[in-house]
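Residue numbers (the numbering used here): 7 to 344. Read through the structure below, which is laid out as structure tokens, and then see the notes.
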């Protein structure tokens, strides 16, 4: 059975602060480490009051310091917002502090609105066009230093920090294949091109020193609870948050409601159903059947699970149930193989 990993945005529920979110992230990381998850990734977003992981490398260090064995990384760092050398130095530092536990996932989007992107002091159009060259430059900073090399990442050179490409379109799939890098697709909010992206990535993959064969890790939302009704209620927090974001009014994670219907227009309901086509919401049995179909459909090598909850205890329980589902699927797979 494939490994499960975690995507965390350090959600800030209404009535709480980023400091609360960081405490919750470390607590979740410790729990999922005990549950046997492979990675714990944090994502870069800016100017969003409901997401606390803007300074992604700093939060990665905080989570890594609070755990012992789980890999910690970015899902991802939005490279157009940064100079490659700076990211190499940051993740070289993290790898030096936590050897063998750091991942660097890279995205091409700004992770924010265009006005905020300009406030980040980056020319987004030019930076996005430069993305392939910036990825190659960044990877080179992690290679052993060459004689006569005048610019180096200190720390970073020679550390070979694992680099992933992330995306929600065919572009990143093609680039990951060309560079021979592992690929993670954001199907938890952009499901439309998932299967085509995976197919292109696998067909065009060119083996590299970093990776001998394709490795795909799609992301899904999982809202698991002891009952279907409880899970559906928790899921309404994410539905509300996305609806507000698309209305141009992003905010903190709202509390769940018993009935999401009156809070959404007909168009919003249709849009959210499409957005969350790969959200698995329900009790253990419901989530198990959904994840089993998804894994069979994609042939995923690993699964990244997201869950933007209002209640931290409900989030812990959801990841616990997902781990139980993973173990049951693994047992069934071994039984079938034997």
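Where is the CB? At the ideal position from N, CA and C, for every residue including glycine.
| message | Which runs of the alpha helix (DSSP H) at least 4 residues long sit entirely within the region 291 to 315? Give them in chain order. | response | none
| query | Rounded to a whole number of angstroms, what is the C-alpha to C-alpha distance between residue 149 and residue 214? | reply | 13 Å
| message | Report the start-end ranges of each alpha helix (DSSP H) in the region 268 to 294 that is 4 residues or longer and not cut off at the edges. | response | Within the region 268 to 294, the runs of alpha helix (DSSP H) at least 4 residues long that lie entirely inside it are, in chain order, 272 to 281.
| field | Supposed close pair residue 159, residue 91 - CB separation, criterion 8 Å | value | 6 Å
| task | Report the option in 199, 190, 202 whose CA atom is closest to the CA atom of residue 80. | result | Answer by Cα proximity: 190.
| said: Mapping the DSSP letters down to three states, classify residue 79 as helix, strand or coil. | reply: strand
| query | Among residues of its own chain, excluding the 5 on either side of residue 203, which ones have a beta-carbon nearer than 6 Å to its beta-carbon? | reply | Answer for residue 203: 176, 179, 191, listed in chain order.
| field | Separation of residue 125 from residue 52, as counted between CA atoms | value | 10 Å
| query | When we look at the beta-carbon of residue 19 and count the other beta-carbons within 10 Å, is it buried (16 or more) or exposed? | reply | buried
| field | Among 8, 7, 15, 9, nearest to residue 194 - alpha-carbon criterion | value | 15
| Based on Cα-Cα distance, which residue from 31, 17, 185 lies nearest to residue 261? | Nearest of 31, 17, 185 to residue 261, Cα basis: 17.
| said: Contact defined as beta carbons within less than 8 Å: I believe residue 1 pairs with residue 13. What is the distance between those atoms, to the nearest angstrom? | reply: For residue 1 there is no data in the structure shown, the boundaries of the chain being 7 and 344.
| said: Considering only the alpha carbon of each residue, which of 221, 199, 157, 174 lies closest to residue 183? | reply: With distances taken between Cα atoms, residue 183 lies closest to 221.
| request: Within its chain, find whatever has a CB closer than 8 Å to the CB of residue 114; leave out the 5 residues flanking it on each side and keep chain order. | output: 84, 85, 86, 134, 137, 173, 177, 178
| query | Contact check, residue 58 vs residue 28 under 8 Å by CB: the rounded distance? | reply | The pair is a contact, with the Cβ atoms about 6 Å apart (cut-off 8 Å).
| task | With residue 173 as the anchor, note down where its beta strand (DSSP E) starts and where it stops. | result | 169 to 173
| task | Tell me whether the beta-carbon of residue 278 lies closer than 8 Å to the beta-carbon of residue 314. | result | no
| message | Classify residue 121: buried if its beta carbon has 16 or more other beta carbons within 10 angstroms, exposed otherwise. | response | exposed
| task | Taking 8 Å as the cut-off, decide whether the C-beta atoms of residue 247 and residue 263 are in contact. | result | No, Cβ-Cβ distance for residue 247 and residue 263 is not below 8 Å.
| query | Does the beta-carbon of residue 185 have 16 or more other beta-carbons within 10 angstroms, so that it is buried, or is it exposed? | reply | buried
| Proximity below 8 Å, CB of residue 305 to CB of residue 55 | no
| field | Runs of alpha helix (DSSP H) wholly within the region 51 to 114 (minimum 4 residues, chain order) | value | 62 to 71, 90 to 103
| request: With a cut-off of 8 Å on the beta carbons, I'd call residue 223 and residue 309 a contact; round off their distance for me. | output: 7 Å
| field | Test item: CB-CB of residue 94 and residue 162 under 8 Å | value | yes
| task | Report the partner residues of residue 45 according to the DSSP bridge assignment. | result | According to DSSP, which records beta bridges pairwise, residue 45 is partnered with 77.
| request: Report the option in 108, 302, 38 whose CA atom is closest to the CA atom of residue 201. | output: 302
| query | Do residue 169 and residue 181 have their C-beta atoms closer together than 8 Å? | reply | Between residue 169 and residue 181, the C-beta spacing is not below 8 Å.
| message | My output table needs one value for residue 17: the three-state DSSP class, helix, strand or coil. | response | strand
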